[in-house]
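Number of protein chains: 2
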Amino acid sequence: MEAKGVQDFYPEELSYCYGCGRLNEQGHHVKSYWDGEETLARFTPREYHIAVPGYVYGGLIASLIDCHGTGTAALASYRHEGREPGSLPPIRFVTASLQVDYSKPTPLGVELELRGGVIEITSRKVISEIRVLANGVTTARGRVVAVRMPDSMLIK
Amino acid sequence: MEAKGVQDFYPEELSYCYGCGRLNEQGHHVKSYWDGEETLARFTPREYHIAVPGYVYGGLIASLIDCHGTGTAALASYRHEGREPGSLPPIRFVTASLQVDYSKPTPLGVELELRGGVIEITSRKVISEIRVLANGVTTARGRVVAVRMPDSMLIK
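Protein sequences appear in the order of chains A and B. Going left to right, the first sequence walks through residues 139 to 294 as the numbering used here numbers them. Going left to right, the second sequence walks through residues 139 to 294 as the numbering used here numbers them.
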């Protein structure tokens, strides 16, 4: 059975994100969950997600980092508050800034791992660092500054 | 008639980029060209390219900045060398790093403008700054470090 991602607990109206919303039929459905002290998401790019033939498109890598960064922020905030995802009020972050360094080409045709760690956490902001791995080798690193949506936007 | 982008002059084998390759049938087909001293690309997101309903997905914005950044790098290099796009050898850049700051939500349903300027240019590296505008208002800013593919990879 597929692991549940923190995105599976986002309120319905906030679950249409192209990168990670469970209700966006065309989207990527990134799911972020804990793997020990790191957060993890897995994604296999499609054959058309290419930069140059054989290698993954950098914009897709940035997109995956973006969504796993906001997912990591939500996971870390639930843990920080001693709560489980799904408890109320829901926690949802948006991206304020994104930095991606492409250290080597990312090969197409394999499942990618995104591994996240928290650099800084406050009640309204989480900074995370995300590594992208292909065949166990880090090919890109991202830094995501995520800011929390106010509760007033989250409960109707 | 649609303006030709610098991407229309990329060699065939390097024209499959999901973001800007003219030969990627599923891709975005970003086209970058000069508009005076700035570079310009236009893109209208699809209805499913959403972050939260009504607003454009940040990963798509990062993708557009990425491709317009490498396109800006190619345009600036041709101009720097006193050559026209299409002259040989072709010039093609790849992204080394990408920084995106989302200053406000980008509304869905309008054509976006990407306006680029060159911060630094050498024979092997171009740093550009890209603004994303919706209805004439800047909603995100990017900084792209693009490095040149060696000529040996470009001519078979």
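The C-beta atom is built at its ideal place from N, Cα and C for all residues, glycine as well. Note that this is a predicted model, so its numbers are computed, not measured.
Think of a sphere of 7 Å around the beta carbon of Q164(B): the chain A residues whose beta carbon falls inside it are Y186, in chain order. The way I'd put it, the segment 148 to 161 of chain B doesn't touch the segment 235 to 251 of chain A; fewer than three beta-carbon pairs between them come closer than 8 Å. Residues of chain B with a Cβ closer than 8 Å to the Cβ of T277(A) do not exist; the shortest Cβ-Cβ separation is about 13 Å. Using a Cβ-Cβ cut-off of 8 Å, A214(B) does not count as an interface residue toward chain A, since no Cβ of chain A sits closer than that to its own. Under the Cβ criterion (8 Å, minimum of three pairs), the segment 219 to 229 of chain A does not count as touching the segment 180 to 195 of chain B.
The residues S153, Y154, C155 and Y156, in chain order, have a CB closer than 8 Å to that of N162(B) in the same chain once the five nearest residues on each side in sequence are set aside.
Counting C-beta atoms within 10 angstroms of its own C-beta, T208(A) has 16 or more neighbours from the protein chains shown and is therefore classed as buried. CA-CA distance, V190(A) to P227(A), rounds to 44 Å. A Cβ of chain A is located within less than 8 Å of the beta carbon of V238(B). For Y148(B) and D239(A), the gap between their C-alpha atoms comes out near 24 Å.
DSSP, reduced to helix, strand and coil, places A200(B) within a helical segment of the structure shown.
V270(A) has L252(A) and A278(A) as its beta-bridge partners, per DSSP. CA-to-CA, the gap between V285(A) and G196(B) works out to about 13 Å.
At a Cβ-Cβ threshold of 8 Å, L236(A) and V194(A) do not count as neighbours. Closer than 8 Å at the C-beta level to chain B, one finds these residues of the segment 190 to 208 of chain A: V190, P191, Y195, G196, G197, L198, A200, S201, L202, D204 and C205.
A Cβ-Cβ separation of about 28 Å leaves Y186(A) out of contact with K142(A) under the 8 Å criterion. Pairing A278(A) with G254(A), the inter-Cα distance amounts to about 12 Å. Using a 10 angstroms sphere on the CB of V232(A), the tally of other CB atoms reaches 16 or more, which defines it as buried.
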